[in-house]
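The block underneath contains the structure these notes are about, expressed in structure tokens.
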Amino acid sequence: MTEVLIAVCIVAGIGLIAGIILSAASVALSVPVDPKQELIRDCLPGANCGACGYSGCDGYASALARGIAEQGLCTPGGNETAQKIAEILGTDAASVRQVTAAVKCNGSCEHTDSIFVYQGAKTCATANQLFSGGGKCSFSCIGLGDCAAVCTEDAINISDGIASVDRIKCKGCGKCVTACPKGIIELVGINSAFVSCSSKDKGAITRKNCTAGCIGCMMCVKACEFGAVSVENNLAHINSSICTGCGKCVEACKMNCISILVPCS
Amino acid sequence: MRMFIGILICSILTENFVLAKFLGICPFLGVSKKLNTAAGMSIAVTFVMVLATAVTYPLFAYLLVPNGLDYLQTLVFILVIAALVQLVEIILKKFIPPLYEALGIYLPLITTNCAVLGVTILNFTKEYTYAQSIVNSLGSGLGFMLAMILFAGVRERLDSCDCPKFLKGLPITLIAAAIVSLSFTGFSGLADRFF
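The listed protein sequences derive, respectively, from chains E and P. Residue numbers for the first sequence, in our numbering: 63 to 327. Residue numbers for the second sequence, in our numbering: 3 to 197.
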């Protein structure tokens, strides 16, 4: 009987001492958490997507509370969240530009072709190492879905050989932008015009490779009244912060590779 | 000194915790996907292993053994290690925030890691002295780190190879782990011969 008692006493004693030390330590060594941080954390969507560049919503909330982070970085939360955060911090709300991912390639099976049949590992990163993935156009989407694999919102589908983004599901976190080995995915403002081609080849070569590529003809530049379009390296680019979405360039483009990014797909 | 080097080599190579004793397989498979997370986890494990040994050794030798309570070893060790890790977490958060953030989630994860418990118990099975136990724990932690970092490299290569569909994911990872483990048996007898 005494043996059992000793055993119980010793284990219970160790537990008690550990408990007392821990609770004393948690009081004595407590790190004060800014009450603002918890309030901000409650406003954030809690998706932990990392679009803000911090390690999850907790990281962004703590950075905001300490005043070292820019406001309005939370794209999934949008303007509503930015407004609430600004109220907590007592500053003017920074507006969040609504963005969506867009694939700068039109090279579906009907527009372009491949030069060989690729049979390696089914990832774009590996395929890209072998003659840029085997498409006729070396800037084209490989279509093996590295972007779809990293998407947490299930917003990217591979259809007809190229990736397409579901703009209702896309939260604009930009994970696919870094995942694409070709670098042909871009975050574009909603309701802006957008050139869905990445080919920096000369116009004649682009035309030979693909029936829907940008040939750098400058028609869109002339059509734009706001100076939002520029052509560089035989490729048109539209600055979505200037673009009003009037659609003049869409009409002007002979290759049909400019479209307006309406919020639904 | 010679003996300490022997213990160190032995615990890192010939009796590697993961690849020869098969302890701590959960973090070995769970956090070895990327090199930096693997390194973070193994640093945390090494740190806790040494600390746990330093505390549990006197507790066992001077409290449990004199009272004839050897059989409570596992229970008491788990209790002490769990409390210790919590305490270390609180202290790190207060005084060394960068280290706390670097270890991050891995520190609380290893409170009940079998590799940490294993090293504290094995120190007594092998009848090591206090200093020898500390060296053995350090070596075991470094061995864990070696296995984790080696395997993180293997897994990064596995991602870009075209393996049959039915082997994708965990199956091919386990096969690769078996091969790495097999190669470590080549070190057996190394410590006995030289030290």
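C-beta atoms are modelled at their ideal positions from N, C-alpha and C, and glycine is treated no differently.
Rounded separation between residue i and residue j - CA only
i, j, result
"alanine 149(P)", "leucine 21(P)", "7 Å"
"serine 321(E)", "glycine 139(E)", "26 Å"
"proline 99(P)", "glutamate 100(E)", "19 Å"
"proline 94(E)", "valine 78(P)", "33 Å"
"glutamate 287(E)", "methionine 317(E)", "20 Å"
"threonine 185(E)", "glycine 205(E)", "9 Å"
"alanine 179(P)", "tyrosine 122(E)", "37 Å"
"glycine 171(P)", "threonine 174(E)", "34 Å"
"isoleucine 11(P)", "glycine 141(P)", "7 Å"
"alanine 177(P)", "glycine 309(E)", "In the sequence on display, residue 177(P) carries isoleucine and not alanine. Their Cα atoms are separated by approximately 57 Å."
"proline 68(P)", "alanine 80(E)", "21 Å"
"leucine 89(P)", "leucine 61(P)", "17 Å"
"methionine 63(E)", "glutamate 103(P)", "48 Å"
"lysine 146(E)", "alanine 109(E)", "17 Å"
"glycine 265(E)", "cysteine 203(E)", "19 Å"
"tyrosine 180(E)", "cysteine 165(P)", "15 Å"
"asparagine 340(E)", "lysine 36(P)", "Shown here, chain E extends from 63 to 327; a query on residue 340(E) therefore has no answer."
"isoleucine 76(E)", "aspartate 161(P)", "47 Å"
Cut-off 6 Å between Cβ atoms - residues of its own chain near residue i, not counting five sequence neighbours on either side
i, result
"tyrosine 132(P)", "Tyr59"
"serine 194(E)", "Ser200"
"serine 183(P)", "Leu21"
"glycine 143(P)", "Val47, Thr48 and Met51"
"leucine 101(P)", "Leu94"
"glycine 223(E)", "Ser170, Cys171 and Gly205"
"threonine 16(P)", "Phe189, Ser190, Leu192 and Ala193"
"glycine 275(E)", "Cys259, Ser261 and Thr268"
"cysteine 235(E)", "Cys111 and Ala113"
"alanine 285(E)", "Lys310, Cys311 and Ala314"
Residue j beta carbon less than 8 Å from that of residue i
i, j, result
"leucine 86(P)", "valine 57(P)", "yes"
"leucine 297(E)", "serine 261(E)", "yes"
"cysteine 213(E)", "lysine 237(E)", "yes"
"alanine 125(E)", "tyrosine 116(E)", "yes"
"asparagine 115(P)", "proline 29(P)", "yes"
"glycine 26(P)", "phenylalanine 19(P)", "yes"
"serine 44(P)", "phenylalanine 189(P)", "no"
"lysine 98(E)", "isoleucine 130(E)", "no"
"leucine 135(E)", "cysteine 114(E)", "yes"
"lysine 233(E)", "threonine 137(E)", "yes"
"alanine 330(E)", "aspartate 208(E)", "Chain E is shown only over 63 to 327; residue 330(E) falls outside these bounds and no answer can be derived."
"alanine 84(P)", "threonine 113(P)", "yes"
"asparagine 168(E)", "cysteine 282(E)", "no"
"alanine 54(P)", "valine 118(P)", "yes"
"leucine 106(E)", "threonine 143(E)", "yes"
"cysteine 163(P)", "alanine 187(E)", "no"
"isoleucine 220(E)", "alanine 211(E)", "no"
"isoleucine 92(P)", "serine 85(E)", "no"
"leucine 31(P)", "threonine 175(P)", "yes"
"valine 239(E)", "isoleucine 247(E)", "yes"
Cβ shell of residue i (< 7 Å), same chain only, five flanking positions each side left out
i, result
"valine 250(E)", "Val161, Thr162, Ala164, Phe256, Ser302 and Leu323"
"tyrosine 130(P)", "Asn138"
Residue i, buried or exposed, once every other Cβ within 10 Å from all chains shown has been counted against 16
i, result
"asparagine 38(P)", "exposed"
"valine 227(E)", "buried"
"arginine 159(P)", "exposed"
"tyrosine 73(P)", "exposed"
"isoleucine 300(E)", "buried"
"isoleucine 14(P)", "buried"
"aspartate 96(E)", "exposed"
"valine 121(P)", "buried"
"threonine 127(P)", "exposed"
"glycine 278(E)", "buried"
"isoleucine 68(E)", "exposed"
"phenylalanine 178(E)", "exposed"
"alanine 225(E)", "buried"
"tyrosine 108(P)", "buried"
"valine 33(P)", "buried"
8 Å Cβ shell around residue i - same chain, five flanking residues per side excluded
i, result
"valine 73(E)", "none"
"serine 176(E)", "Gly196, Gly197 and Lys198"
"valine 66(P)", "The displayed chain sequence assigns leucine, not valine, to residue 66(P). So the qualifying residues of the chain are Asp72, Leu74, Gln75 and Val78."
"isoleucine 304(E)", "Phe288, Gly289 and Ala290"
"leucine 169(P)", "Ile177"
"isoleucine 123(P)", "Gln75, Thr76 and Phe79"
"phenylalanine 6(P)", "Ala133, Gln134 and Val137"
Distance cut-off 7 Å: residue i Cβ against heavy atoms of the ligand SAH
i, result
"threonine 214(E)", "Of the ligands one can find in the structure shown there are none, so the ligand SAH has no counterpart to examine."
- Query: Given a limit of 8 Å on CB to CB distance, which residues of the region 14–40 of chain P reach chain E?
  - Reply: none
Using a Cβ-Cβ cutoff of 7 Å, what residues of the region 79–93 of chain E are near chain P? List them in chain order.
Ala80, Ile83, Leu84, Ala87, Ser88, Leu91 and Val93
- Query: What are the residues of the region 83–95 of chain P that lie near chain E, defined by any Cβ-Cβ distance shorter than 9 Å?
  - Reply: Ala84, Ala85, Leu86, Gln88, Leu89, Ile92, Ile93 and Lys95
Short of 9 Å Cβ to Cβ, which residues in the region 152–178 of chain P face chain E?
Asp161, Ser162, Cys163, Asp164 and Cys165
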